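Add 47 to a position in the sequence shown, counting from 1, and you land on the number used in this note's numbering.
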Amino acid sequence: MVVDSTEIRPGADRPVAPTLEQVAERAGVSRSTASRAINGGLRVSPEALAAVEAAVADLGYSPNRAARSLVTRRTDSIALVVPEPDERVLSDPFFAGTLNGISSALADSDLQLVLVIARPGDSARTIRYLRNGHVDGAIVVSHHRDDALDQALRQSRLPNVFVGRPLAAGDAQYVDTDNVAGGRIATQHLIDLGRRRIGTIAGPLDMSAGIDRLAGWRQAVRAAGLPEDAVVHGDFTISSGAASTRRLLAQHPDVDAIFVASDLMAAGALGVLSELGRDVPGDIAVVGYDNLGVAISTNPPLTTVIQPVVAMARAAGARLLDQLHGARPEAPLIFAPELVIRASA
């Protein structure tokens, strides 16, 4: 199609956007009063606020976000900070559940969610970004010791909430499950089944979840008078679960049960056990942790500890919103773990 350029007049039919001055004139108030009403209503009478809101609706006025930010010093955005490699963030269902929960918490607000992937070894840039006023608050998930986000955010004024206990907890705001209790009830279930050589594929020791779930396993086997030497570590991925299972069986071929500190690692473990001809649960019973979607698709389906990821993330989002509205910090919110029994144990 050929268009005659002489028929096009740039901007000729484009409607002119209403201005703040027009809103003020329609509302019968000063420009400064209209600006304050639009940017939070501070020092504005209820009558003037109602008049400005009516004028905005009548004229279809949309505030300039950049100008509004200069007045309010707010960006209307918060960061979801994930200190993990890109491929892990995009493939691990834990992060999808986290995103779901936070989005649900923000659904009735005007805040935008910014995903910040803090790649390993690159946390300094993330900390600069958070400190330089690009966002109004941050939710941190999958915190590791070396990312130092817990210490950096404690020293900043940026409102923040952690999903999972930060290692330098102090007075930090966070939402978590009782991972020690979760590791303990998972292991106790194996003990109650009559298993007496219980190994564990623990998580990384630079994360509170890895530390606490291992502590729960130790509490249970120690109380039962069982050996506590069959320990290997993974990084919460399927591949590490598979590699860790091979190491565990090579070092302790007599294990008759395994508590695995995440469902993804448990899925890797089940694959190796099948490959080696070890019947589950006949030869080796397996219990995971998370109750993510993978738990019902493994063969056999996985007995696991519920970590309510969506509810935890939703609670973290709600707490951050409360902070942004001036609420005082709250005590940590800890969800009680529950065991879901399926065929693997």
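The beta carbon of each residue, even a glycine, is placed where N, CA and C say it ideally should be. Being a predicted model, the structure only gives us computed values, none of them experimental.
Got a sec? Which residues, its chain only, sit under 6 Å from residue i by beta carbon, not counting five neighbours each side?
i           : result
residue 382 : 224, 355
residue 359 : 210, 222
residue 307 : 248, 313, 316, 335
residue 133 : 164
residue 388 : 350
Just confirm the distance between the C-beta atoms of residue i and residue j, as a whole number of angstroms; I'd bet it's less than 8 Å.
i           : j           : result
residue 368 : residue 156 : 6 Å
residue 315 : residue 285 : 4 Å
residue 147 : residue 357 : 5 Å
residue 342 : residue 310 : 5 Å
Return helix, strand or coil for residue i, following the three-state DSSP convention.
i           : result
residue 64  : coil
residue 383 : coil
residue 288 : helix
residue 101 : helix
residue 298 : helix
residue 388 : coil
residue 304 : strand
residue 137 : helix
residue 96  : helix
residue 15  : Only positions 48 to 392 of the chain appear in the structure, and residue 15 is not among them; the question remains open.
Within a Cβ cutoff of 7 Å, which residues of the same chain sit near residue i, ignoring the five residues on either side of it in sequence?
i           : result
residue 81  : 67, 70, 71, 74, 99
residue 253 : 191, 192, 193
residue 78  : 67, 68, 71
residue 27  : For residue 27 there is no data in the structure shown, the boundaries of the chain being 48 and 392.
Only counting the same chain, and skipping five residues up and downstream in sequence, which positions put a Cβ closer than 8 Å to that of residue i?
i           : result
residue 174 : 195, 196, 199
residue 293 : 319
What first and last residue would you give for the alpha helix (DSSP H) that runs through residue i?
i           : result
residue 229 : 226-239
residue 257 : 255-270
residue 84  : 78-85
residue 151 : 140-152
residue 356 : 356-371
residue 245 : Where residue 245 is concerned, there is no enclosing alpha helix (DSSP H), although the beta strand (DSSP E) it sits in stretches over 245-249.
How far does the beta strand (DSSP E) with residue i in it reach, from first residue to last?
i           : result
residue 124 : 124-129
residue 185 : 184-188
residue 220 : No beta strand (DSSP E) contains residue 220, which DSSP labels as neither H nor E.
residue 353 : 350-353
residue 336 : 332-337
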